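Protein chains in written order, with the working numbering: chain G, 316 to 602; chain S, 434 to 784.
Below: the structure, in structure tokens.
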Amino acid sequence: MNNNLKKINIYAIYLGAIILILPLIAFFINAFSFRWFYPQVIPKELSLQAWVRLKLIPKPGQRTFEGFIDLWASNPAVIKALLNSLSIGFLVTIVSIIIALPAARVLGLLNFRFKKLIIFIMVSPTILPPIAFVLGLNINFISWGFSGNYFGVCLVHLVPIMPYVVLTMTGIFANYNPDFEHQARTLGANKTRTFLLITLPAIAPGMVVAALFAFLVSWSQYLLTFLIGAGKVMTLPLLVFSTASSGNPALTAAISIIFIFPAILILFFTSKFVSGESGATSGFGKI
Amino acid sequence: MSKLNIKNLIKSFPSMDRPAVNNVNLDIESGELVAFLGPSGCGKTTILKMITGLFQPDSGDIILDEQSLLKIPTEKRGVVMVFQNYLLFPYMNVNENVGFALKMKGVDKNIIDQKVKEMLELVKLPDIGLRKPKQLSGGQQQRVALARALISNPRILLLDEPLSNLDAHLRDEMRDLIVTIQQKLKVTTIFVTHDQEEAVLLADKIALIFDGELQNFTSPKNYYEKPKNIKAAKFFGGVNFINAKKHNDNLSTNIGTIHYKGENYTDLNEDNIITIRPENIKLSKNNDFNNNSFKGLIKSVIFSGTHTRYKIIVNDLELECSLQSVGLQDIKTDDTIYVHLPSDKIWAMNE
Chain G
316 MNNNLKKINI YAIYLGAIIL ILPLIAFFIN AFSFRWFYPQ VIPKELSLQA WVRLKLIPKP
376 GQRTFEGFID LWASNPAVIK ALLNSLSIGF LVTIVSIIIA LPAARVLGLL NFRFKKLIIF
436 IMVSPTILPP IAFVLGLNIN FISWGFSGNY FGVCLVHLVP IMPYVVLTMT GIFANYNPDF
496 EHQARTLGAN KTRTFLLITL PAIAPGMVVA ALFAFLVSWS QYLLTFLIGA GKVMTLPLLV
556 FSTASSGNPA LTAAISIIFI FPAILILFFT SKFVSGESGA TSGFGKI
Chain S
434 MSKLNIKNLI KSFPSMDRPA VNNVNLDIES GELVAFLGPS GCGKTTILKM ITGLFQPDSG
494 DIILDEQSLL KIPTEKRGVV MVFQNYLLFP YMNVNENVGF ALKMKGVDKN IIDQKVKEML
554 ELVKLPDIGL RKPKQLSGGQ QQRVALARAL ISNPRILLLD EPLSNLDAHL RDEMRDLIVT
614 IQQKLKVTTI FVTHDQEEAV LLADKIALIF DGELQNFTSP KNYYEKPKNI KAAKFFGGVN
674 FINAKKHNDN LSTNIGTIHY KGENYTDLNE DNIITIRPEN IKLSKNNDFN NNSFKGLIKS
734 VIFSGTHTRY KIIVNDLELE CSLQSVGLQD IKTDDTIYVH LPSDKIWAMN E
């Protein structure tokens with residue numbers, strides 16, 4: 316690659332970053348401003364009013380340590396939704412990885428008839444509009460008693476998550492050499508220790524990436540939570556949507572920040588696994 | 434010090450139309466260094482994997498010191514395998530790799546450290562304990578893998594193609610190291626190879642395997658002098674084969690009667706095959722031999738350094754003879770020559 320082309324590439328990356336970051340800046344200003352309307356370039360007045368209305372920051376005069384504790388202890392809707400989203404996300408991530416592990420191993424290491432068909436069926440939730448299957452699923456869930464509760468929401472989140480997790484982990488196992496496990500066995504390691512000492516370190520980076528996908532897909536899930544949860548399981552996306560439709564930009568911006576903040580945090584800590592430089596998707600391949 | 438008996442071992446895979454291992458019987462004595470020799474895909478590695486327990490045989494038994502291994506899980510067999518590509522654990526350094534087997538046994542850490550040091554000295558790599566496997570050369574990795582395998586005093590050591598991934602000069606070094614260590618520790622060792630020369634140089638005994646079937650199990654010397662069948666003879670460079678019939682305590686062939694002194698005469702079938710190594714055939718322009726001497730015509734002479742190879746036609750039969758180039762008689766193409774097959778050097782086989 317010649318130098319000019321390299322420069323253009325770098326500028327393109329900066330441009331992309333700016334396009335992604337600009338709206339976030341607008342978000343931040345909006346969340347801490349009072350009535351910021353069109354012709355104004357910057358808001359006239361900064362304010363914490365939106366945060367007060369979300370019951371995350373106490374009213375002026377009560378902003379002491381006790382004031383914060385009292386307010387949060389009153390269990391505001393935002394915190395409830397945040398905890399729901401986090402716990403559903405973690406639970407679903409762990410369950411999806413446990414389910415995907417054996418499936419990915421078989422798909423990555425073995426060749427058998429109808430393998431492509433099985434992969435296609437497994438990936439189909441990503442190309443099918445969720446509304447197409449969730450309405451049918453809802454009827455079953457109602458009759459099984461899964462509708463409108465936490466368990467049902469977790470279960471339905473697995474539908475869009477599994478394809479990502481299985482495919483990512485299949486990639487790891489495609490480059491994985493099971494002889495390492497055999498070697499450990501002949502050296503006296505039993506099956507459990509072989510898994511913990513040999514298999515797990517090899518697939519861990521890829522598993523982090525798969526977990527990241529799983530968590531983010533669950534985190535941003537609106538429609539499935541809305542229909543299966545039947546309004547009884549409140550998560551952050553539901554709260555964001557209902558707030559946004561109320562038409563208060565400051566409030567919407569504030570709650571959106573709460574919504575994207577954990578996602579950014581997780582991306583930040585796992586980015587080294589996502590970039591192609593680590594052995595994330597290579598198993599034992601990149602040794 | 435362990436003795437291994439393999440009895441009627443059979444293993445099939447659904448993807449193959451013949452059994453991968455077909456009715457193999459082997460008795461390996463304690464402390465022996467045995468080679469499994471055969472072309473790739475002949476089932477030799479499959480047998481190793483059955484000994485370690487990574488495959489279960491369809492039928493037959495594997496007995497180590499009078500005790501069947503089949504019901505014992507891999508990690509409790511005391512059988513350690515060194516794989517062809519060494520498979521050092523990439524997340525551990527050399528010390529951790531070598532000490533792995535002892536750690537699995539729950540040995541005290543100080544003892545492990547000391548033993549690791551001993552093993553690394555044994556394979557002549559004392560100062561690399563803190564390196565990661567990818568920082569080592571192929572030869573070093575191989576030696577670390579050997580140290581890792583030997584640290585727990587295995588009852589059987591299995592080596593899968595131990596020299597195939599090494600350069601020529603490293604190969605000689607590694608071969609010497611394997612022999613030295615094996616003799617020092619007296620561990621019963623089986624190694625797999627497709628290289629006939631490697632097997633001859635290393636092994637006390639060679640098991641020759643073709644298409645899943647054991648052809649012959651004997652010392653390297655016997656493969657040259659007393660092969661069991663044509664396949665075994667050919668694999669070890671045998672080129673001269675003469676069809677023969679039993680006749681009055683001798684063998685009659687279409688080039689004439691051949692006197693035979695081999696101890697297996699009574700075991701021979703009516704129809705059998707005579708073989709002789711090219712280097713054991715003698716040539717003379719004058720017929721100065723007593724028996725087993727036949728008149729032939731030189732078809733070609735090929736000088737190949739220390740030896741010169743002759744192809745001789747005797748009664749439509751082509752024989753190949755290899756003589757030391759030093760002090761050679763002047764023999765040219767189309768010369769008439771007398772070919773002598775010394776009766777103590779010829780060997781007859783059933784098939």
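Glycine included, every Cβ here is placed at the ideal spot set by N, Cα and C.
Model, not experiment: these values are computed from the prediction.
*What is the rounded straight-line gap between the Cα of residue 354 of chain G and the Cα of residue 366 of chain G?*
Annotation: residue 354 of chain G to residue 366 of chain G spans about 24 Å, alpha carbon to alpha carbon.
*What is the rounded straight-line gap between the Cα of residue 317 of chain G and the Cα of residue 575 of chain G?*
Going from the Cα of residue 317 of chain G to the Cα of residue 575 of chain G covers about 38 Å.
_Whole-number beta carbon distance between residue 755 of chain S and residue 740 of chain S, since they are thought to touch under 8 Å_ = Between residue 740 of chain S and residue 755 of chain S the beta-carbon gap is near 5 Å, inside 8 Å, which marks them as a contact.
*asked:* Among the candidates S:662, S:682, S:588, whose CA atom is the shortest distance from the CA of residue 437 of chain S?
replied: Of all alpha-carbon atoms in S:662, S:682, S:588, the one lying nearest the alpha-carbon of residue 437 of chain S is that of S:588.
*Does any C-beta atom of chain S lie closer than 8 Å to the C-beta of residue 429 of chain G?*
Cβ-Cβ to chain S under 8 Å: no for residue 429 of chain G.
*In its own chain, which residues sit with a C-beta less than 7 Å from the C-beta of residue 500 of chain G, not counting the 5 before and 5 after it?*
Taken in chain order, the residues that qualify are 509.
_8 Å CB neighbourhood of residue 556 of chain S in its chain, flanking five on each side removed_ = Around residue 556 of chain S: 576, 577, 579, 580, 610, 614.
_Just to confirm my understanding: we take residue 334 of chain G, look at its own chain, exclude 5 residues before and 5 after, and list those with CB closer than 7 Å. What are they?_
Nothing meets the Cβ criterion.
_Length of the line joining the Cα atoms of residue 711 of chain S and residue 672 of chain S_ = Across the structure, residue 711 of chain S and residue 672 of chain S are spaced so that their CA atoms are roughly 7 Å apart.
*Check the Cβ of residue 534 of chain S against every Cβ in chain G and list those closer than 7 Å, keeping chain order.*
Going along chain G in sequence order, the residues near residue 534 of chain S (Cβ under 7 Å) are 502, 503.
*At which residues does the beta strand (DSSP E) containing residue 514 of chain S begin and terminate?*
Element bounds for residue 514 of chain S: 512-515.
*Give me the Cβ distance between residue 660 of chain S and residue 708 of chain S, rounded to the nearest whole Å; I'm assuming they're in contact under 8 Å.*
Taking a contact as a CB-CB distance under 8 Å, the pair residue 660 of chain S and residue 708 of chain S counts as one, their CB atoms being some 7 Å apart.
*Cut-off 7 Å between Cβ atoms - residues of its own chain near residue 788 of chain S, not counting five sequence neighbours on either side*: The requested residue 788 of chain S does not occur in the structure, where chain S is confined to residues 434 to 784.
*How long is the line joining the alpha carbons of residue 499 of chain S and residue 742 of chain S, rounded to whole angstroms?*
Distance from the CA atom of residue 499 of chain S to the CA atom of residue 742 of chain S, rounded to whole angstroms, is 50 Å.
_To be precise: take each residue of the segment 583-594 of chain S, compare its Cβ to all Cβ atoms of chain G, and keep it if any distance is under 7 Å. Which residues remain?_
The segment 583-594 of chain S vs chain G, Cβ under 7 Å: 585.
_Continuous alpha helix (DSSP H) assignments of at least 4 residues falling wholly in the segment 466-551 of chain S_ = Here the runs fully enclosed are 477-485, 527-537.
*Flag residue 478 of chain S as yes if its beta-carbon sits less than 8 Å from any beta-carbon of chain G, otherwise no.*
It does not; no Cβ of chain G falls within 8 Å.
*Return the bridge partner residues of residue 754 of chain S from the DSSP annotation.*
Answer by DSSP bridge pairing, in chain order: S:743.
*Interface residues of chain S around residue 520 of chain G at Cβ under 9 Å?*
Neighbours of residue 520 of chain G across chain S, judged by C-beta separation under 9 Å, do not exist; the nearest C-beta is about 11 Å away.
*Name the chain S residues that come within less than 7 Å of residue 513 of chain G, Cβ to Cβ?*
One finds 522 in chain S with Cβ atoms closer than 7 Å to the Cβ of residue 513 of chain G, taken in chain order.
*What residues in the segment 381-394 of chain G have a beta carbon less than 7 Å from any beta carbon of chain S?*
Listed by position, the residues of the segment 381-394 of chain G near chain S (Cβ gap below 7 Å) amount to none.
*Partner residues on chain S for residue 290 of chain G, Cβ-Cβ distance less than 8 Å*: Here chain G has residues from 316 to 602 only, and residue 290 of chain G is not among them.
_Short of 8 Å in beta carbon distance, which residues of its chain neighbour residue 706 of chain S, apart from the five on each side in sequence? Order them along the chain._
Result list for residue 706 of chain S: 663, 674, 675, 676, 677, 781, 782, 783, 784, in chain order.
_Residues in the same chain with beta-carbon distance under 7 Å from residue 570 of chain G, minus the five sequence neighbours each way, listed in chain order, please._
The answer, listed in chain order, is 369, 393, 554, 555, 558.
*For the alpha helix (DSSP H) that residue 522 of chain G lies in, which residues bound it at each end?*
Note, residue 522 of chain G: alpha helix (DSSP H), 515-534.
*residue 397 of chain G versus residue 403 of chain G: straight-line alpha-carbon distance, rounded*: About 10 Å.
_Please state the DSSP three-state secondary structure of residue 506 of chain G._
The three-state reading of DSSP puts residue 506 of chain G in helix, counting H, G and I together.
*Are the C-beta atoms of residue 516 of chain S and some chain G residue less than 8 Å apart?*
Yes - at least one Cβ of chain G is within 8 Å of the one on residue 516 of chain S.
_Under 7 Å by beta carbon: chain G residues contacting residue 512 of chain S_ = Within 7 Å Cβ-Cβ: 501.
*Which class does residue 672 of chain S belong to by DSSP, given the choice of helix, strand or coil?*
Residue 672 of chain S falls in the coil class under three-state DSSP.
*Who are the neighbours of residue 576 of chain S on chain A, taking C-beta pairs under 7 Å?*
Annotation note: the requested chain A is absent from the structure, which comprises protein chains G and S.
*Starting from residue 612 of chain S, trace the alpha helix (DSSP H) both ways and give me its first and last residue.*
For residue 612 of chain S, the uninterrupted alpha helix (DSSP H) segment begins and ends at 601-618.
*residue 534 of chain S: which of G:504, G:528, G:390 sits nearest, CA to CA?*
It is G:504.
_Checking 8 Å against the spacing of the C-beta atoms, do residue 469 of chain G and residue 532 of chain G come in under that value?_
With a cutoff of 8 Å on beta-carbon distance, residue 469 of chain G and residue 532 of chain G are scored as not near each other.
*asked:* Just to confirm, is the Cβ distance from residue 638 of chain S to residue 650 of chain S under 8 Å?
replied: For residue 638 of chain S and residue 650 of chain S, yes; Cβs fall inside 8 Å.
*Any beta-carbon of chain G closer than 8 Å to the one on residue 551 of chain S?*
When Cβ-Cβ separations below 8 Å define contact, residue 551 of chain S makes no contact with chain G.
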